[in-house]
Amino acid sequence: MTDLPLYAPPNENRAQALARKRDALSRLALESGEDYRKAVDAIAVDVVHQTLRLTGVPVECDDVERHSTEVSDLVQGQFAALRLIMAEAEKKPDLTPELVSHVHRLSSPPSDGRYRTASGPRHFLQPPSPPELIGGRVENLCDWLAADSGREMHPTERAALAFARILEIAPFERGNFRTSHLLLSFFAVAGGYPPFYLRVEDAGAIRAEVDRAMVFDTASLVERFSVALGHSLERCRVGVGAHAPPAPP
Numbered sequence: 003m004t005d006l007p008l009y010a011p012p013n014e015n016r017a018q019a020l021a022r023k024r025d026a027l028s029r030l031a032l033e034s035g036e037d038y039r040k041a042v043d044a045i046a047v048d049v050v051h052q053t054l055r056l057t058g059v060p061v062e063c064d065d066v067e068r069h070s071t072e073v074s075d076l077v078q079g080q081f082a083a084l085r086l087i088m089a090e091a092e093k094k095p096d097l098t099p100e101l102v103s104h105v106h107r108l109s110s111p112p113s114d115g116r117y118r119t120a121s122g123p124r125h126f127l128q129p130p131s132p133p134e135l136i137g138g139r140v141e142n143l144c145d146w147l148a149a150d151s152g153r154e155m156h157p158t159e160r161a162a163l164a165f166a167r168i169l170e171i172a173p174f175e176r177g178n179f180r181t182s183h184l185l186l187s188f189f190a191v192a193g194g195y196p197p198f199y200l201r202v203e204d205a206g207a208i209r210a211e212v213d214r215a216m217v218f219d220t221a222s223l224v225e226r227f228s229v230a231l232g233h234s235l236e237r238c239r240v241g242v243g244a245h246a247p248p249a250p251p
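Note that the sequence shown covers residues 3 to 251 in our numbering.
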């Protein structure tokens, strides 16, 4: 099978193309569930690998797969956080402050998931939120995403908004990028897509895109997430396509 079984209609936009591929992949996955799960597991390894590399941990992909002794606790924490994210996304589509804190606790040991109480470092153009405002701003973000206007957005749009906003708030002493990067997959899985990730090779461009997103220009960040999500869809399609029955003539 060399292509998805639905053809692109005229004037199809990026969001429509992703949804079409998602729906076609869902049908293939029903026919070859085990292969789909293996493909998602392989993507999860790359999510963890790139999450750590993007946050300065010099770990190899092979080390992530075998949980090497040098980084075992940290690697296992990323996997635990990602499993939690995917399980919660499958149960309900709404991000919660509790999930944000739980993901941070798992992915950034020895964090206890509590918000910072001191002024945070400034990594982007916008200054981080004062400590006394963090709780309210995280709650406002989650409430907005759960409202009708937030739910009507495409998963990559919701992910871009949450990603930039969490980095702007910087709710934790450290590990904010790690938390926000892992949470990208929450919005993907909640929308019926596989998890996805960014690449350390694009870190400079991502920083500039986050700066723009903080002043409400999320277009380039959404485009980057759309491309990354498309890559995950294609990896899953290849994973199940090799064993799926041939398409009818």
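Ideal Cβ positions, reconstructed from N, Cα and C, are used throughout, including at glycine.
At which residue ranges does the region 10 to 97 contain complete alpha helix (DSSP H) runs of 4 or more residues, listed in the order of the chain?
16 to 33, 35 to 56, 63 to 68, 74 to 93
When you compare only the Cα positions, how much space is there between Asp-1 and Val-77?
Because residue 1 is not part of the residues shown, which for the chain are 3 to 251, the question remains open.
Candidates Ala-207, Glu-67, Asn-178: closest to Ser-131 by CA position:
Asn-178
Helix, strand or coil for Thr-158? Go by DSSP, reduced to three states.
helix
In chain order, what residues of the same chain have a beta carbon less than 6 angstroms from the beta carbon of Glu-14, not counting five sequence neighbours either side?
none
With contact counted as at least three CB pairs below 8 angstroms, one residue from each stretch, are the region 225 to 233 and the region 20 to 39 in contact?
yes
Going by the beta-carbon positions, is the gap between Ser-109 and Gly-79 smaller than 9 angstroms?
yes
Can you check the region 172 to 222 for any alpha helix (DSSP H) of at least 4 residues that lies completely inside it and give the ranges in chain order?
178 to 192, 205 to 215
Taking DSSP as the reference, what is the three-state secondary structure of Pro-133?
helix
Are the CB atoms of Ser-187 and Ala-31 nearer to each other than 9 angstroms?
no
N-terminal and C-terminal residue of the alpha helix (DSSP H) that Pro-99 is part of
99 to 109
Can you give the Cα-Cα distance for Leu-200 and Glu-134, rounded to whole angstroms?
31 angstroms
Rounded to the nearest angstrom, what separates Phe-174 and Val-49 at their Cα positions?
21 angstroms
Quick check on Gln-52: buried or exposed, where buried means 16 or more other Cβ atoms within 10 Å of its Cβ?
buried
By DSSP, does Asp-114 sit in helix, in strand, or in coil?
coil
Between the beta-carbon of Thr-181 and the beta-carbon of Val-102, is there less than 9 angstroms?
yes
Three-state class that DSSP yields for Ala-148 in the structure shown
helix
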